[in-house]
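Only one structure is covered here, and it is reproduced in the block below.
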DNA sequence: CATGCTTTGTGTACATCGTACATGGATAAA
DNA sequence: TTTATCCATGTACGATGTACACAAAGCATG
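Residue numbers (the working numbering), protein chains in the order written: chain A, 77 to 370; chain B, 77 to 370.
Here's what the structure looks like:
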């Protein structure tokens, strides 16, 4: 009877309760109703981490207006829950079951609003790219504009690292918000008198750079989660094979470089991103100059 | 009796045969031995796609020397089979079961030589990077040397696209062959009078670039495999939403750019890689020049 | 009010995965 | 011959995405 659920737990569905405690379905339903009236549990739709039960609809429907559009589950909620999971635990941990559980709903219920997991991920991407702030349409030089765009994209990837799993250069996503980013970059390049083809290539190159570095955000997190080691701790475990490699004498430059850093190699992604962006845009500048000279 | 196996099929293990045909294990063993003597099937160890049976060891042991090290299964063979699968069908299609099947062996047998799938993948990476040709130690200018290194890496990724799944910038793999690549790049940069930190960053940047573009090799293949559409065909399916987006008027530069290409956007990865590499190395040059001037 | 239809939510089941564990067969040792 | 050791394998478990059928409830029509 007196269960052992802790403070902020989700409650399973009525059916799960009934099965777990081997009682009839009606019994479980009534029990939940009683608890709800007592205020011990709450039917909160928005957040699933707090005490939240998707209430039996009947009582609510009597209060609100009739139309069946008043549903407690929706595509938007599913996408939102999925994004939360992917943000926190990575795309690998995202399963239809976990999404459903977070919403306090049966697994298959999600399929009423989502065609497949693949389409869910696509909708997640759409939603996430939707968070891109509208780009400032300054008429300044191309570099500040493009620099800003790259940083905006980087910030987004920082927030949603799983986004890097989704798109392909050869089959780009036609998401409005991502298009807006492309438009901004292309517009900035357009004023530099480049070939159309070069403009496009530069844009893809910029995108590819941000994307390529952002990939390692999730890998870093994943490595830390699975090994349970922070990066410093991990580096220590590698010090033995590392020093063996260095002692082999086959890699003199590398050895000299590593030893010159007292505390080992510690790449901070954000700093590296800055450095790489600068270097890459230097390359852009060369290409643009060259193009102007002919 | 007369089965329906086609020309180059693998044969299942003795045990699988026995179960399938409901005969005693000894019977199956003898049957295979007969077939082998008749030359109808061959115990070929190297290639599993042709008619290949991992021969029952007994007869071979009598021929060769005694020690138990003479085994028909080995870590090298497992890694090789796994690489073949990953090359052909992608890392996602690589399962312990598929590796075992390709070798005509029970699934769990592989675990005698491989601790886990994760470690298998690491060994695959080691083997694949082992294919990197030793870098030419020319004392020419940094650019030709680094350019060559990048292309070598690209070629490798073309051959083994799954490699891009494996490593993390923040936790680099300490594989000898990959270290040799790093050494070559660093050595080339070393002659340019750069800070150690900048040298390292440039090296990582180069690696990250090649890696970041190579990622899309597999994505391209995967997309083609799952949708069954070549890139041109896929582009046609996108033409409707594309033209709708273009007609919205929100993306003028983009629209102008696309319409200027008659036959649509068709990014060829290899060409793009070339272009990006040039641009990136232009950036390197700027950094190096700047560093020399002070 | 009764009866059937439609919508909505759910449970069950299947094929796939990695892999822990125990077993079965063969070889080596006594 | 008996015993012990080791290699190879089958079984089983808990995950996954999702097809399918069923149950409950709302609604329309008689």
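Just so it is clear, CB atoms sit at the ideal spot from N, CA and C, and this is done for glycine as well.
key: 8 Å CB neighbourhood of residue 321(B) in its chain, flanking five on each side removed   = Taking the second chain and counting its residues from 1, the one referred to as residue 321(B) is at position 245. These residues qualify, in order along the chain: 327.
(message) Please report whether the beta-carbon of residue 369(B) lies at a distance below 8 Å from any beta-carbon of chain A.
(response) Within the second chain, numbered from 1, the residue matching residue 369(B) stands at position 293. Not closer than 8 Å to any Cβ of chain A, the Cβ of residue 369(B) fails to qualify, so no.
**Study point:** Chain-ordered chain B contacts of residue 310(A) [CB-CB under 8 Å]
**Key:** For this step, residue 310(A) is matched to residue 234 along the first chain. What residue 310(A) touches in chain B: 247.
Note to self: In this structure, how does DSSP classify residue 267(A) when only helix, strand and coil are distinguished?
What the structure shows: In the first chain, the residue the question calls residue 267(A) occupies position 191. Correct three-state label for residue 267(A): coil.
Cross-chain neighbours of residue 205(B) in chain A, by beta carbon under 7 Å:
Taking the second chain and counting its residues from 1, one reaches residue 205(B) at position 129. Those within 7 Å of residue 205(B) in chain A number zero; the least Cβ separation is about 14 Å.
Does the distance from the C-beta atom of residue 288(B) to that of residue 277(A) stay below 8 Å?
In the second chain, the residue the question calls residue 288(B) occupies position 212. In the first chain, the residue the question calls residue 277(A) occupies position 201. No, they are not a contact pair.
Where residue 309(B) falls, given that 16 or more other Cβ within 10 Å makes a residue buried: In the second chain, the residue the question calls residue 309(B) occupies position 233. The residue in question, residue 309(B), is exposed, as its Cβ has fewer than 16 Cβ neighbours within 10 Å.
| query | Whole alpha helix (DSSP H) runs in the stretch 258-336 of chain A with 4 or more residues, listed along the chain? | reply | 272-303, 307-323 and 328-336
**Prompt:** Along the stretch 165-195 of chain B, what residues have a CB closer than 7 Å to any CB found in chain A?
**Reply:** none
Review point. What residue does the alpha helix (DSSP H) around residue 225(A) start on, and which one ends it?
Key: Counting from one through the first chain, the residue named residue 225(A) turns up at place 149. Taken as a continuous stretch (DSSP letters only), the alpha helix (DSSP H) holding residue 225(A) covers 218-235.
Residue 212(A) to residue 170(B), Cα distance in whole Å?
-> As a first step, residue 212(A) must be located in the first chain, where it is residue number 136. As a first step, residue 170(B) must be located in the second chain, where it is residue number 94. Rounded to whole angstroms, residue 212(A) to residue 170(B) spans 45 Å at the Cα level.
Report task. Please confirm whether any heavy atom of the ligand ZN lies closer than 7 Å to the CB of residue 296(B). Result -> You won't find the ligand ZN in this model; it holds no ligand whatsoever.
Notebook entry, point to check: So residue 190(A) is in the alpha helix (DSSP H); what residue range does that whole segment cover?
Noted result: Mapped onto the first chain, residue 190(A) falls at position 114. Neither: residue 190(A) is in no alpha helix (DSSP H) and is coded neither H nor E.
Buried or exposed: where does residue 195(A) fall if 16 or more other Cβ atoms within 10 Å of its Cβ makes it buried? Along the first chain, one-based indexing puts residue 195(A) at 119. With fewer than 16 other Cβ atoms within 10 Å, it is exposed.
(Q) So residue 149(A) contacts chain B; which residues on that side make the cut at Cβ distance below 9 Å? (A) Taking the first residue of the first chain as position 1, residue 149(A) is located at position 73. Neighbours of residue 149(A) on chain B: none; closest Cβ ~27 Å, over 9 Å.
| said: Please report the distance separating the alpha-carbon of residue 178(B) from that of residue 249(B). | reply: Here residue 178(B) is taken as the residue at index 102 of the second chain, counted from 1. Here residue 249(B) is taken as the residue at index 173 of the second chain, counted from 1. Looking at the two C-alpha atoms, the distance is approximately 28 Å.
_Any beta carbon of chain B sitting closer than 8 Å to that of residue 317(A)?_
Taking the first chain and counting its residues from 1, one reaches residue 317(A) at position 241. Yes, contact with chain B.
TODO: Enumerate in chain order the residues of its own chain whose CB-to-CB distance from residue 364(A) is below 6 Å, with the five nearest sequence positions on each side excluded.
DONE: Walking along the first chain from the start, residue 364(A) turns up at place 288. Answer for residue 364(A): 268, listed in chain order.
Whose C-beta lies closer than 7 Å to the C-beta of residue 193(A) among residues of the same chain, with five residues either side of it excluded? Counted from its first residue, the first chain places residue 193(A) at position 117. Correct list, in chain order: 172.
**Study point:** Residues that residue 314(A) contacts on chain B, provided the C-beta gap is smaller than 7 Å
**Key:** The count along the first chain starts at 1 and reaches residue 314(A) at position 238. Within 7 Å Cβ-Cβ: 250.
| task | Please confirm if residue 296(B) has its CB atom under 8 Å from at least one CB of chain A. | result | Residue mapping note: residue 296(B) aligns to position 220 of the second chain, counting from 1. Answer yes: the Cβ-Cβ gap between residue 296(B) and chain A drops below 8 Å somewhere.
What three-state label does DSSP hand residue 240(A) in the structure shown? Within the first chain, the letter at position 164 stands for residue 240(A). DSSP places residue 240(A) in helix when its eight states are reduced to three.
Notebook entry, point to check: Whole-angstrom Cβ separation of residue 333(A) and residue 221(B), contact assumed at under 8 Å?
Noted result: The residue labelled residue 333(A) in the question sits at position 257 within the first chain. The residue labelled residue 221(B) in the question sits at position 145 within the second chain. That belief does not hold up - the Cβ atoms of residue 333(A) and residue 221(B) are roughly 17 Å apart, past 8 Å.
Whole angstroms are fine: how far does the CA of residue 304(A) sit from the CA of residue 313(A)?
Along the first chain, read from residue 1 onward, the residue named residue 313(A) stands at position 237. Along the first chain, read from residue 1 onward, the residue named residue 304(A) stands at position 228. Distance between the alpha carbons of residue 313(A) and residue 304(A) is about 12 Å.
Exercise. Quick one: Cα of residue 225(A) to Cα of residue 149(B), how far?
Worked result: Locating residue 225(A) in the first chain gives position 149, where the first residue counts as 1. Locating residue 149(B) in the second chain gives position 73, where the first residue counts as 1. If you take the alpha carbons of residue 225(A) and residue 149(B), they lie about 54 Å apart.
- request: Going by CA-CA distance only, name the one from 361(A), 331(A), 261(A) and 153(A) that's closest to residue 256(B).
  value: Looking up residue 256(B) in the second chain gives position 180. Comparing Cα-Cα distances from residue 256(B) to each of 361(A), 331(A), 261(A) and 153(A), the minimum goes to 331(A).
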